Amino acid sequence: MALLSGSKKPAREGCKPMIDPEKLAIILQRHWDSMRLVGNIVIFVILFSLMFFFLHATDITKAVVRDDLDDLGGIPWLYSAVCLIFSILAGFVIQHEWDEWNDFMDAIKGEVHSLRSLWLWSQHIPDLGMQLREAMIRYLSVTIQNEWRAGAPGESEAAGQALAIVQHEAFTLFQHSELRMTTVGIIGDLLRHREHRLHSGQRRMPTMLKVTMGFADGLVIVLSLFIGVEHLWLDFLFTLSIALLAYVVYLVIDDLDHPFRPGMWHVTAKRYEHLLSQLQQSK
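In this text, residue positions in the sequence shown follow our numbering: the first is -10, and each later residue adds one.
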């Protein structure tokens, strides 16, 4: 009995999860945009595949789409014209949206750079630069809270007032030093980049152009179902490729047109938050 009691093993501790929930949440958040894109593509592929095989199931529906492949006449050429028009239109729109995106990013980087320059110059007068630093912290906090969210109305009155205080403190700090002209230039750049950021963030594709793009995209996808080859699986492969390419092109255009909405091209306030954290730690 003593041996039996001595050989008794201690109770096992609760099994720990193989994956830390916090790490899993961070991984999911980091790759959420990619997962959404993949999810949209998977849904499109499933729906398109159902439409394709429904239309080509001649033994069940008697739709007889494939019986006319030998006598399509000029239909493939007409479909090629539709695809060509869509390609030209999509190319110009994507180029325009990409230029808008780059301008928006340049405005963000320029505004943050101007604020950082003010902070660095204020360190030349450490005893008097505290008020300017506090004003910049206030401006960054209000800007992040009021102007960096989906559906933001544009310029925030509170952010404008906070920026006016930053201007006043900067000119007061450097009014009797050789840095005055440098400060005037930095403030000018700050105002210009901020105005450009607000303008670019609210700029959207004209409604008529977006409707035209959607209509052309729909034509390419739907009409691809009626153009094919004799071999069913080759027909499915090429038709799906054309439709999927048209769908992804529209997703790219729509994503670039909404910079604040979560997506592959999603603008966040990370640069502002990083500078705000540095300013708060420098107190």
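We treat Cβ as the ideally placed atom computed from N, Cα and C, and that holds for glycine.
Keep in mind that this is a model prediction, so the values were computed, not measured.
1. Which two residues bound the contiguous alpha helix (DSSP H) that contains Q270?
2. Please report the distance separating the alpha-carbon of V209 from that of T228.
3. Going by Cα to Cα distance, which pick from I126, W110 and E86 is closest to R169?
4. Assign L121 to one of two classes, buried (16 or more other C-beta atoms within 10 Å of its C-beta) or exposed (fewer than that).
5. Thinking L268 and M40 are a contact (beta carbons under 8 Å), I'd like their distance in whole angstroms, please.
6. Output the distance between the C-alpha atoms of Y261 and I97, rounded to the nearest integer angstrom.
7. Put Q112 into one of helix, strand or coil per three-state DSSP.
8. Which ranges does the alpha helix (DSSP H) cover as unbroken runs of at least 4 residues, wholly within the stretch 141 to 210, from first to last along the chain?
9. My understanding is that P248 touches G190, with C-beta atoms under 8 Å, so please give their C-beta distance in whole angstroms.
10. Give the straight-line distance between the Cα atoms of L265 and G207, rounded to the nearest whole angstrom.
11. So, for I172: in the same chain, excluding its five sequence neighbours on each side, which residues have a beta-carbon less than 6 Å away from its beta-carbon?
12. What does the Cβ neighbour count give for H45, buried or exposed, with the cut at 16 atoms within 10 Å?
13. From which residue to which residue does the alpha helix (DSSP H) around W222 run?
14. Assuming the contact rule is C-beta atoms closer than 8 Å, M253 and L26 should be a hit. Round their C-beta distance to whole Å, please.
15. Rounded to whole angstroms, what's the CA-CA distance from L78 to I64? Just pull it up for me.
16. Taking the alpha carbon of W222 as the point to measure from, which residue in M24, W108, F42 and S23 has its own alpha carbon closest?
17. What does the Cβ neighbour count give for H220, buried or exposed, with the cut at 16 atoms within 10 Å?
Straight from the coordinates:
1. Looking at the DSSP string, the run of the alpha helix (DSSP H) that includes Q270 is K259 to Q270.
2. Computed Cα separation, rounded: 10 Å.
3. Cα-wise, what sits closest to R169 is W110.
4. Classification of L121: buried, given that the 10 Å Cβ count is 16 or more.
5. Contact doesn't hold; Cβ gap of about 56 Å is too wide.
6. A straight line joining the alpha-carbon of Y261 with that of I97 spans about 9 Å.
7. Note: Q112 maps to coil in three-state DSSP.
8. Entirely contained in the stretch 141 to 210, the alpha helix (DSSP H) runs reaching 4 residues are, in chain order, 146 to 162 and 169 to 191.
9. Rounded, the Cβ-Cβ distance is 6 Å, consistent with contact.
10. Taking the straight line from one Cα to the other gives about 45 Å.
11. A small fix is needed here, since residue 172 is Thr in this sequence, not Ile. Once the five neighbours on either side are set aside, the close Cβ partners of T172 are A159 and F163.
12. Of the residues assessed, H45 falls on the buried side of the cut-off, its CB having 16 or more other CB atoms within 10 angstroms.
13. W222 -> alpha helix (DSSP H) spans L221 to L245.
14. 6 Å between Cβ atoms; contact.
15. Approximately 21 Å between the Cα atoms of the pair.
16. Nearest of M24, W108, F42 and S23 to W222, Cα basis: F42.
17. So H220 counts as exposed.
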